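Asks: Numbering (the UniProt record's numbering), first residue to last: 1 to 234.
Quick one: the structure is below, and I'll ask about it shortly.
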Amino acid sequence: VETGVVVSEADNGSAESPDSHFPYMAAILHMNGTLLGAGAIVGSRWVIATAFQMGAFKAPHLAVRVGSDNWSEGGQLLPVLRMFPHPMFRQFNNDVALLKTAEDIVAGPSAQLIPLANATPEIGVQATLLMWNSDSLIEESQADILPVSECRIFYSDFELTESNICVVMDHILPYKVTLFGSPLVLNGSLVGHYMGMEANTFKPSLCSSLAPLTGWVHLMMTNETDTPLLFPLT
1 VETGVVVSEA
11 DNGSAESPDS
21 HFPYMAAILH
31 MNGTLLGAGA
41 IVGSRWVIAT
51 AFQMGAFKAP
61 HLAVRVGSDN
71 WSEGGQLLPV
81 LRMFPHPMFR
91 QFNNDVALLK
101 TAEDIVAGPS
111 AQLIPLANAT
121 PEIGVQATLL
131 MWNSDSLIEE
141 SQADILPVSE
151 CRIFYSDFEL
161 TESNICVVMD
171 HILPYKVTLF
181 GSPLVLNGSL
191 VGHYMGMEAN
201 TFKPSLCSSL
211 APLTGWVHLM
221 MTNETDTPLL
231 FPLT
């Protein structure tokens, strides 16, 4: 039985170093080579992504590229064997999915898992959002964590919960679906990922918080069950 998942200690500090390498970054691709979004390596055969991002596809349509700073070449290109969206995914709540690759990810300097944060980042700290840009490379944006109440003002049509993180970024690439799943990182831990809401420096953006969902992630990676859960584990 593969467990794979690693959960970090609480982190509430400075942002990721701008010159650091990001070996946990993954690209989610259609089998025809089209970039669909980003993800992060969380186990030897597991990549975490957004449920919304994956909703239109079945596992045989998907592949992930890992171990490369360029989504279009290098590293390993692995077919997706199985896909598990969170059973309580609704709009912008519990927006997480796990992808199981058909083969093991070869661990090394260019491909490593990232631990999941076990606590939502404190208000006022700065995290880093990692995106695939138009040159097929990883681009960083510094993201200040805001109270969720500040996002409710802009996204009043949605019910926001503890599974959301409100951020404002120093810059963001033009809005497109390939931003979905972009990892939000703090102190070397995965605290969330971008949920695809259009944002700019004057309007906060929504990310999915992964700390409340670590129990579900661990369960799925340990048991690999298709049985729906009636409630999100924490």
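Note that CB positions come from ideal geometry on N, CA and C, so glycine has one too.
Note that the coordinates shown come from a computational prediction; the quantities given were computed from them, not determined experimentally.
1) Taking the alpha helix (DSSP H) that residue 218 belongs to, which residues open and close that run?
2) CB residue 130 to CB residue 71, shorter than 9 Å?
3) Give the DSSP-derived three-state secondary structure of residue 153 in the structure shown.
4) Give the single residue among 138, 122, 82 and 165 whose Cα lies nearest to the Cα of residue 179.
5) Which class does residue 79 belong to by DSSP, given the choice of helix, strand or coil?
6) Using DSSP's beta-bridge definition, name the partner residues of residue 144.
7) When we look at the beta-carbon of residue 193 and count the other beta-carbons within 10 Å, is it buried (16 or more) or exposed?
8) Less than 9 Å between the beta carbons of residue 237 and residue 31, yes or no?
9) Whole angstroms is fine: what's the gap from residue 104's alpha carbon to residue 87's?
10) For residue 185, name the three-state secondary structure that DSSP assigns.
11) Compare the beta carbon distance of residue 221 and residue 46 with 9 Å and say whether it is the shorter of the two.
Replies: Considering the structure as presented:
1) Residue numbering aside, residue 218 sits at position 218 when the sequence shown is read from its first letter. Start and end: 214–223.
2) Residue 130 sits at position 130 when you count from the first residue of the sequence shown. Residue 71 sits at position 71 when you count from the first residue of the sequence shown. Not in contact: residue 130 and residue 71 (Cβ atoms no closer than 9 Å).
3) Start at 1 with the first residue of the sequence shown, and residue 153 comes out as number 153. Three-state result, residue 153: helix.
4) Mapped onto the sequence shown, residue 179 falls at position 179. Checked all of 138, 122, 82 and 165; the closest Cα to residue 179 is 138.
5) Start at 1 with the first residue of the sequence shown, and residue 79 comes out as number 79. Taken through DSSP and simplified to helix, strand or coil, residue 79 comes out as strand.
6) Counted from its first residue, the sequence shown places residue 144 at position 144. Answer is 126 and 168, bridged to residue 144.
7) What you label residue 193 is simply residue 193 of the sequence shown in a count that begins at 1. Label assigned to residue 193: buried.
8) In the structure displayed, the chain extends from 1 to 234; residue 237 sits before or after that span and is not available.
9) As a first step, residue 104 must be located in the sequence shown, where it is residue number 104. As a first step, residue 87 must be located in the sequence shown, where it is residue number 87. Looking at the backbone, the Cα of residue 104 and that of residue 87 are separated by about 25 Å.
10) Translated into the one-based positions of the sequence shown, residue 185 becomes position 185. DSSP places residue 185 in strand when its eight states are reduced to three.
11) As a position in the sequence shown, residue 221 is number 221, starting the count at 1. As a position in the sequence shown, residue 46 is number 46, starting the count at 1. If you check the CB distance, residue 221 and residue 46 come in under 9 Å.
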